[in-house]
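Have a look at the structure below before the remarks.
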Amino acid sequence: MNIEETINEVKEEFQKMFAEAHDSESLEKIRIRFLGKNGRVKKLYGKMGSIPDESKPVLGKELNKLKQQITRQLEARQEIIEEEKKKQQLEEERIDVTLPGTRIKTGSQHPLSLVTEELEDIFISMGFKIAEGPEVEDEYYNFKALNIPEDHPARDLQDTLYLDDLYLLRTHTSPVQVRTMEKTKPPIKIIAPGRVYRADELDASHSPVFHQLEGLVVDDKITFGDLKGTISIMVEQIFGEEHSVRFRPSYFPFTEPSAEVDVSCIVCEGKGCSLCSRTGWLEIMGSGMVHPKVLSMSGIDPRSYSGFAFGMGIDRITLLKYGIDDIRLLQENNRRFLQQFK
Amino acid sequence: MQISYNWLNSYIDIPCEPEELKYFLTMAGLEVEEMSYQGEGLDKIITGEVIGIKDHGNADNLKVCQVDCGEEERQIVCGAPNIAENLRVAVALPGTRLPGGLKIEETELRGIKSSGMICSADELGLKEERQSGIMELPEEIEAGELLVEALLLNDYVYKLDLTPNYARCLGHLGVAREIRGLSDNNLEINWPDLLPEDNGKAYQEASTEVEIQDPELCQRYTCRLIEDVEIKPSPLWLQRRLEAAGIRPINNIVDITNYVMLEYNQPLHAFDYDKINGRKIIIRRANSDERLITLDDEKRQLTPEVLVIADREKPVGLAGVMGGANTEVTKSTNRVLLEAASFDAVNIRRTAKKYALSSESSHRFERKIDITAVAEASRRACYLLERYAGGKITEKMVDCYPEPYEKKKLQLEPDRVNNLLGVEIAGEEMIDMLTGLGFEANMKEASRIAVSIPGFRRDVEGEADLVEEIARVYGYNNIPYTRPASAEPGGRTPEQKASLKINRILRGQGLEEVKNFSLRPEEDDLTDYLEDYYKNYLAVTDSKSSSSREDSFEDNFKDSIVKLKNPLSQAFSRMRISLLPGLIEVLSLNSRKQVKDMSTYETGRVFASQGKRNRPAETDKIGLASMGAAHDTWNLSAPDYFYLKGAAENLLDKLEIEAWSWQRTKLDIFHPGRAAELKFKDKRVGVLGELHPDIIEEFKLPVRTSAAELDKELIYQAAGYEKISYQQIPRFPSISRDLALLIAEDIPARDVIEAAEEASADILISTEIFDFYQGEQIPEGQKSLALNMVFQDHNKTLKEEEVEKQVDNIIEVLEDEFQAKIRGK
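Sequence lines, in order, name chains A and B. Just so you know, the working numbering puts 53 at position 19 of the first sequence, and the rest follows in order with no gaps. Just so you know, the working numbering puts 273 at position 83 of the second sequence, and the rest follows in order with no gaps.
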């Protein structure tokens, strides 16, 4: 038999088998049959010895070509099959991408501490430091040093809870002003957030325990205009720039001149609604120039220094900011309430 | 204080409309709490006169009335029992709507046409309670007028919320003065008519003697006799004005004293002169055996702190607070003695408080009245008494005024005012401003204004008060917005920053922040559970700690609770001593509201007594609580306990606290076998445990609910996160070894780890327990622990033999110390 013919036969056989091979196993079988140790191509190489020398180069070349072709074809198809397989696998790994994500349990921040932190940050950005003081106070710090004498009608403004004849629960954060002035030389620029107490029955708008944020600035040449500028920035930041603020004369024993600060109603924008008792304005804080008596009682000479102070209810601001209509929600700690604040 | 627009307008030409006045007053410092129109909903009601009445015929209780309504006569069917001919009535014509919402229509009542309705006072909203008949109007009223005009209801009322320094505005004249001072228009006050001064008319010497025994408590006392008074109702206009001011008309005498009080802010009192014994008034302290029945029919036991007005034998009034019933003006009164006086503010305040009797009078005296206007107010009342009560005045006023008021003098430097307000107002302008408000002000030297303070401005004590007056007139809202310079940057202290960090870490552990009141009920179901916790943890102070806490805690738990002296209710009558009860209640509340799992934290202050007359200790604590946690790491049915423990450990780790440890503890509030204390070296920092099953049951909590309380200050002191310095990332590989051992079940896992760490050289960089097992295949009384140990050397690659040596060491120690059996060996 002619070796050339045999080569062609092998070629044909391969092509026939190859045409039907569509998976890895069939390809492997073909590979073994043709290229294996005892495969057909190997055997053809074995026959090379028995052919005439002059034909050897030509046939050798032919044989090499055959081997290469088989190899290439097998490899090419193997690659396609693997590609296919991979594609199929990826297809099978398809998931419902809309199933809920895996959520790690996260805590929530109480609205009061959210608002407190926000207020603190606003004032810190304006150069304020944070001061603290005890919740149990005495007559001196809570009243006397703030120019609230005994038997004065101003005492009626705050119903006090007493522990005994000496101590009481602070009715405002203003004692921190006094404590700060006693131990700090001007310039002073502090805020003092904290818990305060009044003898008020708990209802939708009153609470015996609530929170205030006090502010105090003392330096030479502090003006009422500085008070206005500082507070208006705070109001803009916490309620938004679209809200206007107004100052009107009021009375606090520890400030003179004193001003009540109103912000345009966040519901009706000044038109008048039930939230603002149809006035168009919401009272948000008391403020004023520190009374000279208060300065001198704390060891600061009112001829050399002046200052302003302000105090606001954090609870009230929280209620307004989030539109909460009952102050009791702030201490009930109902989870469905707490989880609304982020 | 309620102000009437029409009344005020009679003294000063109010420069604005009623609605604008509300704003004007508020911006002047006289906050208008409420504004109302007296004739609300009555604008269409007219007056009529009944000119004829016939029986209805078809209904016994109905009458057919012919009513003169001015321009026309109308037939109106009316069922009121008091309908009568010539009666002046209020008529609602068809088409009008009554204040209650009822719309009046032309109608037929049992076959007879009725065009309109004759109204009762309650139908018009003028009386609260149901009236039995129609409203009878005064005879002088003409038919066909608008009712609001006929009854003087076309008026606006402003309810003022006056701060204590606006006492001068407790009278209409005071408000008029404010308007004069603050308005841009040059307005004049139309002062009321007075009885001529004594020297203007020949009055006789007074027959009544006045003796002030305590001139400190009564700085001025005047009285005057008015004879032949006729007690009757006051004229309509006067009644209306009193009503507008919120005061009920009684009779002309009482009404006039109230009216003048509402003009001048000067409380007045009228005694029935014939009930006063011996023509003498003595102002003195009461004796402790005296009693007085006041006008409100209450019997008052008197004491020497109380100032009374007395005649020769008995007290006849609580000075400045309320008159006595024994000298009350009645229908038969013929002669009255009119008192106008000034009493000490503090004494009046104490008396009013003592008897819980705050009157219009005491309210004003407490805030100081104008002592210089006492006589004028008296003459005003005399004028009105002559005119409207037929009074005859023949005697002079007795005026006992030992130390006449001397006008206080103050100096004002315009420069200082401008510097304090941040404005530029000329000195002359300031003088105008102050003069407009009723001060006397003159430029003294180049840069000083001399100001003398009138009697109606006794609230002005110093320069600052005058600065406020300038600011008010200038207008608070005209002062420019500026900002103070900052010499130093703002910011939080390290401790305040740590506080925020602690909060963030806890939230990051899935804990929700709660806020509980620091006031608690006197006794609650949890108090008894806290006793041993208090003794062993709360009341312990560590002398080695750098804390500034004083250590004088009460020995007795019950004494340590800080109680309120004047609690408003039992529910808020003492301070919290721990955060745990509040947290337990929060979980309980939520559990009852169908919340199955919840974990919370609170950072807050707790209070403990440090003995009588000492300031109570205030300590900041961190409280944690969890219920219904799902993941039970060690299969010990303790998911909440280990959840909280993990959260606490993460907190300690994130704060870079070293050398902390947990040890078993036993406290009433916790399950006896499931509680631990946290220690930093030998310092007790807090406790953690599963709540005692009794508490869980009582508060309807899910089983295994757990809680913890840690001392925030101690944690902050131990925190080292601010000093973190970078450690080089190891360049050489680590080798990990697992070890499973069987040991007696009562050996704490912590001891095993500690022993392992002690037994090994520095190359052991972590030891962790990753499995715990008890049960099948493990002998009774034993447990299986699986330890993972990681070895690493920072300077070289470790060799297997080195690690094996270390592991052998560890095994040996564990075998020796705990008789541990190494599994699989």
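Note that beta-carbon positions come from the ideal geometry of N, C-alpha and C, so glycine has one too. Here the structure is a predicted model, which means the values were calculated and not measured.
Against chain B, the CB of Met-323 of chain A has a partner CB under 9 Å away; the residue lies at that interface. At least 9 Å separates the CB of Arg-204 of chain A from every CB of chain B.
Nearest Cα to Ala-616 of chain B within the set B:Thr-625, B:Asp-605, B:Gly-626 and B:Leu-610: B:Asp-605.
For a Cβ distance threshold of 8 Å, residue set Leu-779, Asn-780 and Lys-783 of chain B lies close to Asn-368 of chain A, ordered along the chain.
The distance from the Cβ of Glu-290 of chain A to that of Asp-901 of chain B is about 43 Å, inconsistent with a contact at the 8 Å cut-off. Among the CB atoms of chain A, one or more fall inside 9 Å of the CB of Gly-700 of chain B.
In the three-state reduction of the DSSP assignment, Pro-227 of chain A falls in the strand class. Interface flag for Ser-298 of chain A against chain B is unset, since no Cβ pair is found closer than 9 Å. According to the DSSP assignment, Tyr-411 of chain B belongs to the beta strand (DSSP E) that extends over 408-416. Chain order gives the chain A residues near Tyr-671 of chain B as Gly-259, Lys-262, Gly-263 and Ser-266, where near means a beta carbon separation below 8 Å. Of the residues assessed, Asn-756 of chain B falls on the exposed side of the cut-off, its CB having fewer than 16 other CB atoms within 10 angstroms. Under DSSP, Leu-299 of chain B shares a beta bridge with B:Ile-302. Taking the CA atoms as reference points, Glu-970 of chain B sits about 15 Å from Leu-931 of chain B. The Cβ atoms of Leu-701 of chain B and Val-663 of chain B do not sit closer than 9 Å to each other. Relative to Ile-774 of chain B, the option among A:Asp-349, A:Leu-372, A:Asn-367 and A:Gln-374 whose CA is nearest is A:Asn-367. For a cut-off of 8 Å, the C-beta gap from Ala-343 of chain A to Ser-321 of chain A is around 7 Å, short enough to register as a contact.
By the neighbour-count definition (other C-beta atoms within 10 Å, threshold 16), Ala-934 of chain B is an exposed residue. Between the C-alpha atoms of Ile-379 of chain B and Glu-368 of chain B there is a straight-line separation of about 11 Å.
In this structure, B:Val-419 is the residue among B:Asp-822, B:Glu-263, B:Lys-598 and B:Val-419 with its C-alpha nearest to the C-alpha of Ile-583 of chain B.
In summary, Asn-355 of chain B is buried, with 16 or more beta-carbon neighbours lying within 10 Å of its beta-carbon over all protein chains present. Excluding sequence positions up to five before and after Ala-435 of chain B, its CB lies within less than 6 Å of the CB of Gln-192 and Leu-452, all in the same chain and listed in chain order.
Around the beta carbon of Asp-335 of chain A, fewer than 16 other beta carbons lie within 10 angstroms, which makes this residue exposed. For Asp-655 of chain B, there is no enclosing beta strand (DSSP E); the enclosing alpha helix (DSSP H) has its first and last residue at 653-664.
Here Ala-815 of chain B is near Tyr-791 of chain B, since their CB atoms are less than 9 Å apart. Each of B:Asp-622, B:Ser-568 and B:Ile-561 was checked against the Cα of Pro-594 of chain B, and the nearest Cα belongs to B:Ile-561. Burial is judged here by how many other beta carbons sit within 10 angstroms of a residue's own beta carbon; Ser-298 of chain A has at least 16 and is buried. From the beta-carbon of Ile-158 of chain A, the residues of chain B found nearer than 8 Å are Gly-680, Gly-681 and Arg-682.
Taking a 10 Å sphere around the C-beta of Pro-829 of chain B, we find 16 or more other C-beta atoms and assign the residue as buried. Proximity of Asn-706 of chain B to chain A, defined by a Cβ-Cβ separation below 9 Å, is satisfied.
The C-alpha of Glu-166 of chain A is placed about 15 Å away from the C-alpha of Val-251 of chain A.
Only residues of its own chain outside the window of five on either side were considered, and among them Asn-176, Gln-192, Val-230, Gln-246, Glu-248 and Gly-345 have a CB closer than 8 Å to the CB of His-206 of chain A, listed in chain order.
For Gln-246 of chain A, the uninterrupted beta strand (DSSP E) run begins and ends at 243-253, by DSSP. For Glu-744 of chain B, the three-state secondary structure derived from DSSP is coil. Listed along the chain, the chain B residues whose CB falls inside 8 Å of the CB of Glu-59 of chain A amount to none; the nearest CB is some 41 Å away.
With distances taken between CA atoms, Tyr-454 of chain B lies nearest to B:Arg-569 out of B:Asp-858, B:Val-607, B:Arg-569 and B:Ala-661. Excluding residues up to 5 positions away in sequence, Gly-238, Glu-239, Ile-241 and Ala-333 lie with their Cβ nearer than 7 Å to the Cβ of Asp-258 of chain B in the same chain.
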